[in-house]
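Enquirer: Numbering (the numbering used here), first residue to last: 347 to 747.
Even glycine gets a Cβ: it sits at the ideal position worked out from N, Cα and C.
Take this structure, written in structure tokens, and hold onto it; I'll ask about it next.
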Amino acid sequence: MIVLVINCGSSSIKYQLYDMPSKKVLAKGLVEKIGEQISGLSHKYDGKKHEVELSIPNHKAGMEVILKTLTDGEVGVIKEISEIGAVGHRVVHGGEKYSGSVLIDDSVIKCIEDFCDLAPLHNPPNLTGIREAQAALPGVPMVAVFDTAFHQTIPAKAYLYALPYELYEKYRVRKYGFHGTSHAYITHRMAEVLGKPVDETNIITCHLGNGASMAAVENGKCIDTTMGMTPLPGLVMGTRCGDIDPAIIFYLLGKEEFKDYRDIDKILNKKSGLLGISEFSNDQRDLEEKAEKEGPESRAQLALDIFAYRVSFYIGAYMGIMKHVDAIVFTGGIGENGSIARSASCKPLANVGVELDEAKNNETIRGKEGEISTASSKTKVFVIPTDEEGWIASETFDLAT
Ligand code: AMP
């Protein structure tokens with residue numbers, strides 16, 4: 347079966363076409379700057395790249411461009427769109443309703459609509475993607491794969507905030523967690539690597555990228571995660587602050603330059619994290635280069651230190667609450683490539699027996715999977731490249747067949 351995976355954002359649509367169940371990627375690409383004067387299509391197929399500038403006024407036109415490209419005589423990989431057997435959609439928020447992926451029907455669409463309130467930047471474009479795909483591919487089964495689903499096994503003691511309980515009852519204020527597709531994929535892949543059944547796999551997953559989150563996974567089920575009701579708390583990210591004292595917001599609102607809560611929202615989401623501390627870049631690699639040039643007292647180094655400290659802190663906390671940890675796993679752009687960040691995050695954990703093999707750590711970059719701990723390390727440490735689209739394709743194939 348040919349499965350199309352769609353990740354629809356406010357001004358972009360990412361797509362990936364799979365031959366299932368082999369998981370062979372036939373083509374992948376991105377339509378971006380939808381609604382702007384000049385939009386773009388970037389399409390990869392057969393080891394080649396096709397890039398064009400076009401006018402794509404809306405998501406409907408974006409979906410048409412994708413389907414036309416996939417069936418194009420020169421750069422396409424299928425003859426007819428009727429060859430597409432199912433479509434998998436990334437949907438950010440599934441609220442408390444969905445603890446797994448679902449075949450989309452009218453009631454699912456209604457629920458995704460209801461959860462727009464909880465994810466106002468993400469669920470509306472995700473819904474647009476579903477509607478446009480349904481219009482372009484009538485009768486083709488569509489599956490929603492939620493970022494929040496994997497975290498629905500977190501117990502109430504970990505997902506509830508110590509706020510008046512009625513805020514949870516009235517407004518569903520609680521921890522939901524995100525990056526669930528990545529944490530779920532890593533859990534299943536790690537079970538294979540460890541040679542264990544998924545429901546006996548105990549790991550700490552560290553998805554470190556521009557957005558970053560961790561999950562404590564016990565017996566294959568998530569028992570806690572670092573993101574919360576929104577993707578803002580937890581680890582330090584490219585431009586997001588991660589954990590802060592919530593009273594800072596009210597303190598700043600009293601200052602002359604921050605009259606509007608939206609100014610603070612912008613600071614916490616767009617101007618904080620690695621960028622905020624370094625005042626230079628949100629990108630780990632840029633900061634590593636700058637720290638190398640400017641030395642250990644530089645602000646770039648401070649940003650990297652704060653980032654790594656928060657990762658160590660949560661690994662330590664999760665090791666403390668879990669009955670057993672088979673492995674700590676790094677993934678995401680920084681987790682997969684950043685040997686410096688991995689080393690700095692694991693260093694303070696030597697006192698609980700976590701020991702990296704620095705030679706293996708330095709060699710494990712760019713899509714390589716492998717163990718990076720020493721033979722004597724009490725807890726194994728692995729790098730596993732994440733595959734969120736592949737996970738969505740598998741979920742879609744399973745539900746559509
Ligand atoms: P993602 O959001 O998962 O694409 O990850 C983006 C982050 O990965 C950026 O901060 C990049 O600087 C970081 N990254 C990518 N390659 C490397 C590398 N070789 N070393 C360190 N960080 C990297």
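Please name the residue, chosen from Leu513, Asp460, Leu449, that lies closest to proline 487 on a Cα-to-Cα basis.
Expert: Leu449
Enquirer: According to DSSP, isoleucine 674 sits in a beta bridge with which residue or residues?
Expert: DSSP lists Ile550, Val727 as partners of isoleucine 674.
Enquirer: Using a Cβ-Cβ cutoff of less than 7 angstroms, which residues in the same chain neighbour serine 644 once the five nearest sequence positions on both sides are dropped?
Expert: Lys636, Ala637
Enquirer: What is the rounded straight-line gap between the Cα of isoleucine 680 and the Cα of proline 466?
Expert: So the two alpha carbons sit approximately 27 angstroms from each other.
Enquirer: Spell out the partners DSSP gives leucine 350 in its beta bridges.
Expert: Leu363, Val433
Enquirer: Grab me the residues of lysine 374's own chain with a C-beta within less than 6 angstroms of its C-beta, minus the 5 sequence neighbours each way, in chain order.
Expert: Gln362, Lys390
Enquirer: Look up histidine 468 in the DSSP assignment and say whether it is helix, strand or coil.
Expert: coil
Enquirer: What runs of the beta strand (DSSP E), each 3 residues or longer, lie entirely inside the segment 533-594?
Expert: 549-554, 558-564, 567-571
Enquirer: Looking at serine 385: is its Cβ nearer than 8 angstroms to the Cβ of lysine 379?
Expert: yes
Enquirer: Would you please state the rounded distance, in angstroms, between the beta carbons of valine 671 and isoleucine 549? I believe it to be under 8 angstroms.
Expert: The beta carbons of valine 671 and isoleucine 549 sit about 7 angstroms from each other, so the pair counts as a contact at 8 angstroms.
Enquirer: Would you tell me roughly how many angstroms separate the C-alpha atoms of aspartate 545 and threonine 572, rounded to the nearest one?
Expert: Near 22 angstroms, if we compare the C-alpha coordinates of threonine 572 and aspartate 545.
Enquirer: Alpha carbon to alpha carbon, how far is glutamate 426 from glycine 574? Give it in angstroms, no decimals.
Expert: Using only the alpha carbons, I get a separation of about 43 angstroms.
Enquirer: Output yes or no for whether 8 angstroms exceeds the beta carbon distance between histidine 439 and leucine 473.
Expert: no
Enquirer: What is the rounded straight-line gap between the Cα of aspartate 831 and the Cα of leucine 350?
Expert: There is no way to answer for residue 831, as the model of the chain reaches only from 347 to 747.
Enquirer: Please classify threonine 547 as buried or exposed, where buried requires at least 16 neighbouring CB atoms within 10 angstroms.
Expert: buried
Enquirer: Taking all protein chains shown into account, decide if lysine 567 is buried (16 or more other Cβ within 10 angstroms of its Cβ) or exposed.
Expert: buried
Enquirer: Which residue or residues does DSSP assign as beta-bridge partners of serine 719?
Expert: Leu702
Enquirer: With a threshold of 7 angstroms (Cβ to nearest heavy atom), would glutamine 630 be considered close to the ligand AMP?
Expert: yes
Enquirer: Would you mind working out which of Thr576, Ile500, Pro543 sits nearest aspartate 611, comparing C-alpha positions?
Expert: Thr576
Enquirer: Are arginine 333 and serine 618 closer than 8 angstroms when you measure CB to CB?
Expert: Given a span of 347 to 747 for the chain in the structure shown, any question on residue 333 remains unanswerable.
Enquirer: Let me know if serine 453 comes out buried or exposed under the rule of 16 or more other beta-carbons within 10 Å of its beta-carbon.
Expert: exposed
Enquirer: Put leucine 483 into one of helix, strand or coil per three-state DSSP.
Expert: coil
Enquirer: Using the beta-carbon count (16 or more within 10 Å), is alanine 561 buried or exposed?
Expert: buried
Enquirer: Under 8 angstroms, with one C-beta from each stretch per pair, do the segment 394-408 and the segment 427-446 reach the 3-pair mark?
Expert: no
Enquirer: How is the beta strand (DSSP E) around isoleucine 490 delimited, first residue to last?
Expert: The sequence shown places alanine at residue 490, rather than the isoleucine named in the question. Start and end: 488-492.
Enquirer: Compute every distance between the C-beta of glutamate 638 and the non-hydrogen atoms of the ligand AMP, then say whether any falls below 7 angstroms.
Expert: The answer is no for glutamate 638.
Enquirer: Assuming valine 433 contacts leucine 483 under a Cβ cut-off of 8 angstroms, what Cβ separation, rounded to an integer in Å, is found between them?
Expert: A Cβ-Cβ separation of about 6 angstroms places valine 433 in contact with leucine 483 under the 8 angstroms criterion.
Enquirer: Are methionine 347 and glycine 431 close, meaning C-beta to C-beta below 8 angstroms?
Expert: Yes, Cβ-Cβ distance for methionine 347 and glycine 431 is below 8 angstroms.
Enquirer: Hey, out of Ile590, Gly678, Ala649, Ser624, whose CA is closest to glycine 555's CA?
Expert: Gly678
Enquirer: Kindly examine the ligand AMP and report whether one of its heavy atoms sits closer than 7 angstroms to the Cβ of asparagine 707.
Expert: no
Enquirer: Please name the residue, chosen from Val491, Lys669, Leu540, that lies closest to phenylalanine 743 on a Cα-to-Cα basis.
Expert: Val491
Enquirer: Got a sec: does the ligand AMP put a non-hydrogen atom nearer than 7 angstroms to the Cβ of isoleucine 427?
Expert: no
Enquirer: Pick out whichever of Asp493, Ile412, Val411 has its Cα sitting closest to the Cα of tyrosine 444.
Expert: Asp493
Enquirer: From which residue to which residue does the alpha helix (DSSP H) around glycine 649 run?
Expert: What sits at residue 649 in the sequence shown is alanine, not glycine. Run containing alanine 649: 645-667, per the alpha helix (DSSP H) assignment.
Enquirer: Which residues in the same chain as glutamate 634 place their Cβ atom closer than 6 angstroms to its Cβ, once the five residues preceding and following it in sequence are excluded?
Expert: Ile686
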